[in-house]
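Undergrad:
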Amino acid sequence: MSLPTAASEALQAFAACPSWDQRARLQMQWGERLEPLSAEQCCSEHLVAGCASQVWLLGQQHEGHWYFQASSDARLLRGLLALLLARVNGLSSEELAAADLLDWFSQLGLGRQLSPSRSNGLNAVLQRMRAVSLGERA
Amino acid sequence: MSLTSPWRADFPGILALAAEGQTYLDSAATAQKPQAMLNALLGYYASGAANVHRAQHVPGERATRAFEATREKAARWLNAADAQQIVFTRSATEALNLLAYGLEQRFIAGDEIVISALEHHANLLPWQQLAQRRQLKLVVLPLDAHGLIDLSQAAQLIGPRTRLLAVSQLSNVLGCWQPLEPLLALAQAQGALTVVDGSQGVVHGRTDVQALSCDFYICSSHKLYGPDGVGLLYGRPQALEQLAHWQFGGEMLLHTDYANARFRPAPLGFEAGTPPIASVIALGASLDYLGSLDAAAVSAHEAALHAELLSGLRQRQVLRLLGTPSVALASFVVEGVHHADLAHLLSEQGLAVRAGHHCAMPLLQGLGLSGAVRVSLGLYNDGADLQRFFNALDQALELLL
Ligand SMILES: Cc1ncc(COP(=O)(O)O)c(C=O)c1O
Numbered sequence: 000m001s002l003p004t005a006a007s008e009a010l011q012a013f014a015a016c017p018s019w020d021q022r023a024r025l026q027m028q029w030g031e032r033l034e035p036l037s038a039e040q041c042c043s044e045h046l047v048a049g050c051a052s053q054v055w056l057l058g059q060q061h062e063g064h065w066y067f068q069a070s071s072d073a074r075l076l077r078g079l080l081a082l083l084l085a086r087v088n089g090l091s092s093e094e095l096a097a098a099d100l101l102d103w104f105s106q107l108g109l110g111r112q113l114s115p116s117r118s119n120g121l122n123a124v125l126q127r128m129r130a131v132s133l134g135e136r137a
Numbered sequence: 000m001s002l003t004s005p006w007r008a009d010f011p012g013i014l015a016l017a018a019e020g021q022t023y024l025d026s027a028a029t030a031q032k033p034q035a036m037l038n039a040l041l042g043y044y045a046s047g048a049a050n051v052h053r054a055q056h057v058p059g060e061r062a063t064r065a066f067e068a069t070r071e072k073a074a075r076w077l078n079a080a081d082a083q084q085i086v087f088t089r090s091a092t093e094a095l096n097l098l099a100y101g102l103e104q105r106f107i108a109g110d111e112i113v114i115s116a117l118e119h120h121a122n123l124l125p126w127q128q129l130a131q132r133r134q135l136k137l138v139v140l141p142l143d144a145h146g147l148i149d150l151s152q153a154a155q156l157i158g159p160r161t162r163l164l165a166v167s168q169l170s171n172v173l174g175c176w177q178p179l180e181p182l183l184a185l186a187q188a189q190g191a192l193t194v195v196d197g198s199q200g201v202v203h204g205r206t207d208v209q210a211l212s213c214d215f216y217i218c219s220s221h222k223l224y225g226p227d228g229v230g231l232l233y234g235r236p237q238a239l240e241q242l243a244h245w246q247f248g249g250e251m252l253l254h255t256d257y258a259n260a261r262f263r264p265a266p267l268g269f270e271a272g273t274p275p276i277a278s279v280i281a282l283g284a285s286l287d288y289l290g291s292l293d294a295a296a297v298s299a300h301e302a303a304l305h306a307e308l309l310s311g312l313r314q315r316q317v318l319r320l321l322g323t324p325s326v327a328l329a330s331f332v333v334e335g336v337h338h339a340d341l342a343h344l345l346s347e348q349g350l351a352v353r354a355g356h357h358c359a360m361p362l363l364q365g366l367g368l369s370g371a372v373r374v375s376l377g378l379y380n381d382g383a384d385l386q387r388f389f390n391a392l393d394q395a396l397e398l399l400l
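The listed protein sequences correspond, in order, to chains Z and D. By numbering that gives the first Met the number 0, the letter at position 132 of the first sequence is numbered 131, and the numbering carries on one by one without gaps. By numbering that gives the first Met the number 0, the letter at position 299 of the second sequence is numbered 298, and the numbering carries on one by one without gaps.
(1) Spell out whether any CB of chain D is found under 8 Å from the CB atom of L80 of chain Z.
(2) Given a cut-off of 8 Å, decide if A329 of chain D and L308 of chain D are closer than it, judged by their beta-carbon atoms.
(3) Grouping DSSP H, G and I as helix and E and B as strand, with all else coil, what is Y43 of chain D?
(4) Ligand 1 heavy atoms versus the CB of S7 of chain Z: any closer than 7 Å?
(5) Can you grab the Cα-Cα spacing for the pair T401 of chain D / K136 of chain D, in whole Å?
(6) Could you work out which residue in D:Q348, D:L252 and D:L378 is closest to R387 of chain D when comparing CA atoms only?
(7) Quick check on L125 of chain Z - is its C-beta less than 8 Å from some C-beta in chain D?
(8) For L242 of chain D, which residues of its own chain have a beta-carbon under 6 Å away from its beta-carbon, when the five flanking residues on both sides are left out?
(9) Do the stretch 357-371 of chain D and the stretch 114-130 of chain D meet, that is, are 3 or more Cβ pairs less than 8 Å apart?
(10) Starting from Q187 of chain D and walking both ways along the beta strand (DSSP E), at which residues does that stretch end?
(11) Consider the Cβ of A76 of chain Z: report whether some Cβ of chain D lies at a distance smaller than 8 Å.
(12) Which residues, in order along the stretch 42-59 of chain Z, keep a beta-carbon less than 8 Å from a beta-carbon of chain D?
(13) Note down, in chain order, every chain D residue with its Cβ under 8 Å from the Cβ of R24 of chain Z.
(14) At a CB-CB cut-off below 8 Å, which residues of chain D make contact with D72 of chain Z?
(15) Measuring only the C-alpha atoms, how far is A130 of chain Z from Q246 of chain D?
(16) Go through its chain and collect everything with a Cβ distance to P17 of chain Z's Cβ below 8 Å, but skip five positions before and after it.
(17) Consider the Cβ of W19 of chain Z: report whether some Cβ of chain D lies at a distance smaller than 8 Å.
(18) Counting only Cβ-Cβ distances shorter than 9 Å, please list the residues of the stretch 315-340 of chain D near chain Z, keeping chain order.
(19) Could you check if E301 of chain D is buried or exposed, using at least 16 other CB atoms within 10 Å of its CB as the buried criterion?
(20) For V195 of chain D versus Y216 of chain D, is the C-beta distance shorter than 8 Å?
(21) Using a Cβ-Cβ cutoff of less than 6 Å, which residues in the same chain neighbour A68 of chain D once the five nearest sequence positions on both sides are dropped?
(22) In chain order, what are the residues with a CB under 6 Å from some non-hydrogen atom of ligand 1?
(23) Please compile the residues from chain Z whose C-beta is within a distance smaller than 9 Å of the C-beta of H119 of chain D.
(24) For R235 of chain D, I'd like the list of residues in its chain whose CB is within less than 6 Å of its CB, leaving aside the five on either flank, ordered along the chain.
(25) Where does A137 of chain Z fall in DSSP's three states?
(26) For E270 of chain D, which residues in chain Z fall below 8 Å Cβ to Cβ?
(27) Output needed for E93 of chain D: all residues of its chain with C-beta closer than 7 Å, excluding positions within five of it in sequence on either side, in chain order.
(28) Determine, using beta carbons only, whether H343 of chain D comes closer than 8 Å to chain Z.
(29) Among D:S167, D:A28 and D:L321, whose alpha-carbon lies nearest the alpha-carbon of S369 of chain D?
(30) Under 8 Å, with one C-beta from each stretch per pair, do the stretch 6-24 of chain D and the stretch 74-87 of chain Z reach the 3-pair mark?
(31) For chain D, check one thing: does any of its Cβ atoms lie closer than 8 Å to the Cβ of A137 of chain Z?
(32) Could you tell me whether the Cβ atoms of I172 of chain D and R373 of chain D are closer together than 8 Å?
(33) Taking only beta-carbon positions, decide if G382 of chain D is within less than 8 Å of chain Z.
(34) Say whether the stretch 245-259 of chain D touches the stretch 40-48 of chain D, bearing in mind that this needs 3 or more beta-carbon pairs closer than 8 Å, one atom from each stretch.
(35) Does the beta-carbon distance from S52 of chain Z to S71 of chain Z come in below 8 Å?
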């Protein structure tokens, strides 16, 4: 399966960063790519419950493809969100359902951030994304 | 001059974590265990498990004797007059729930329960929920700028409707000893019951429950270098008598037919079901181990470590300490830096510290914070642990600021 361009770019960039501090820097740089959310978008309706930091996630389908927007008040988490969106934006519902996102973060060398003891909320974000794409929640 | 802990080698867990590159500074959440405790745990199972208070056979007698010996040791540790004043629960949280359910019938609508603004959720939620069930008023004592319960406000707020005061001895976020004596006196003057949450306090100095003269004192084994799955509830005899039974089953009864039962008094009447036998026995080994140490040397070591922690934190001007910690731990925030980011970068560097609301959400909210980073110490930590923490902290801040 071919990756979206932004995702391939992320893979290359992270592969070139072996040390923790380089990766953290890169992760924060990716976070800066997130399109800022408006004040109205940062409302409780879009707040993802169960995160130690605040995370907002919105998604809509456009001509059969999914487009998500997300933000957080924590910088490293913003980076993770940007990396997530790089992987999923533009996918169809079937592709989204089939995407192995755990594997995606592992490929980036960030798999540990999805471990169950983490309260960073990435797991909750993935669940919410699934729910949004299944139409369980607007 | 680097601080070394002469007891570090007694704790295989701290050595294993260090070998793995992990610096453990989260002992306020749970402590590492001494080898003596591990031996007791293995010894109990390896020499033949048996249930307690039930069987006449030899293994059962042996288990019961070891189990009850821990009750004696716990009583001695807290200077309770009698081992029968110690009830084993599954955690400090369960002990506080036991009290909230066991005392429920004693309250009538409009009665007041007084807690403080810094309580752990374990000493907030059981009372909050009880207040909701019985239309009671939950009164929250405010703190002063150092993080101590404000005594002059307490004197105003503890009044004739106060039926119970439940406060922490040592805050798990602010790390300061609370002024228990005057607080308990205020409550006792109103004829209110007094409950002290000693979960953190019991770890950092000997508590004498008789001198403290509280009705109930609660603490937790897993923070006191013992196994998890055990909490301790101490009660004055007259206070224990006020408790209604709350969990039913097993051997907690004197007699039952299908329709009715009569129950045992404390402690066994409040230990329904098979208790955590191995853990209780192993807690006894932890208490023996702690009892074998030079208490003054332990206190001095902890005080020196804490002073070094505070001075390092204070040297870094971007940090803001929460309250004025006096022992065991310190929590801090950095202006403009999210605690989750800081925690993440510290954990990337092998530092096991805690970030978040520390199960004291209203306290953090009251301080206008979504969370904080907490460093907490055990007697096995040393100056090198703190040095690694400060190095990692500086690296993290360099990335984030
Ligand atoms: C002050 C305080 N009270 C109560 C508890 C709860 O203890 P346990 O884990 O035994 O339920 C803790 C533990 O985090 C605590 O710090």
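In this text, a Cβ means the ideal position worked out from N, Cα and C, and glycines have one as well. These numbers were taken from a predicted model, which means no experiment stands behind them.
TA: On the basis of the data shown:
(1) Not an interface residue.
(2) Yes, the Cβ-Cβ distance between L308 of chain D and A329 of chain D is below 8 Å.
(3) In this structure, DSSP gives Y43 of chain D a helical state, which the three-state scheme calls helix.
(4) Not under cutoff, so the answer is no.
(5) Chain D is shown only over 0 to 400; residue 401 of chain D falls outside these bounds and no answer can be derived.
(6) Selected option, being the one with the closest Cα: D:Q348.
(7) For L125 of chain Z, the answer is no, since every Cβ of chain D falls outside 8 Å of its Cβ.
(8) These residues qualify, in order along the chain: G101.
(9) Yes, the stretch 357-371 of chain D touches the stretch 114-130 of chain D.
(10) That residue, Q187 of chain D, is in no beta strand (DSSP E); its alpha helix (DSSP H) goes L179 to A188.
(11) The amino acid occupying residue 76 of chain Z in the given sequence is Leu; Ala does not appear at that position. Answer yes: the Cβ-Cβ gap between L76 of chain Z and chain D drops below 8 Å somewhere.
(12) Answer in chain order: A51, S52 and Q53.
(13) Those within 8 Å of R24 of chain Z in chain D are L398.
(14) Under the 8 Å cutoff, chain D gives H337 and S369.
(15) Cα-Cα distance, rounded: 39 Å.
(16) Close CB contacts of P17 of chain Z within its chain, under the 8 Å cut and outside five residues either way in sequence, are absent.
(17) Output row for W19 of chain Z: interface = yes.
(18) Listed in sequence order: V336, H337, H338, A339 and D340.
(19) Per the 10 Å Cβ criterion, buried.
(20) In this structure, the beta-carbon distance from V195 of chain D to Y216 of chain D falls below 8 Å.
(21) These residues qualify, in order along the chain: G283.
(22) So the residues near ligand 1 by this Cβ test are D:S90, D:A91, D:T92, D:H119, D:A121, D:N122, D:S167, D:N171, D:D196, D:S198, D:Q199, D:S219, D:G230 and D:C358.
(23) Neighbours of H119 of chain D on chain Z: none; closest Cβ ~17 Å, over 9 Å.
(24) Non-local beta-carbon contacts of R235 of chain D in its own chain, meaning distances under 6 Å to residues more than five positions away in sequence, involve D214 in chain order.
(25) The predicted model places A137 of chain Z with a pLDDT of 44, which falls under 50 and marks its position as unreliable, so this point remains unresolved.
(26) Per Cβ cutoff of 8 Å: no residues; E270 of chain D is ~31 Å from chain Z at best.
(27) Cβ contact annotation for E93 of chain D (same chain, cutoff 7 Å, sequence separation greater than five): G230, in chain order.
(28) So yes, H343 of chain D belongs to the interface.
(29) Nearest neighbour of S369 of chain D by Cα position, chosen from D:S167, D:A28 and D:L321, turns out to be D:L321.
(30) Because the criterion of three Cβ pairs below 8 Å is not met, the stretch 6-24 of chain D and the stretch 74-87 of chain Z do not touch.
(31) Note on A137 of chain Z: pLDDT 44, under 50, position unreliable in the model; the coordinate value appears next. For A137 of chain Z, not one C-beta of chain D is nearer than 8 Å to its own C-beta.
(32) As written in the sequence, residue 172 of chain D is Val, which differs from the Ile given in the question. With contacts defined by Cβ atoms closer than 8 Å, V172 of chain D and R373 of chain D form a contacting pair.
(33) So no, G382 of chain D is outside the interface.
(34) At 8 Å Cβ cutoff, the stretches do not touch.
(35) Yes, the pair counts as a contact, with Cβ atoms nearer than the cut-off.
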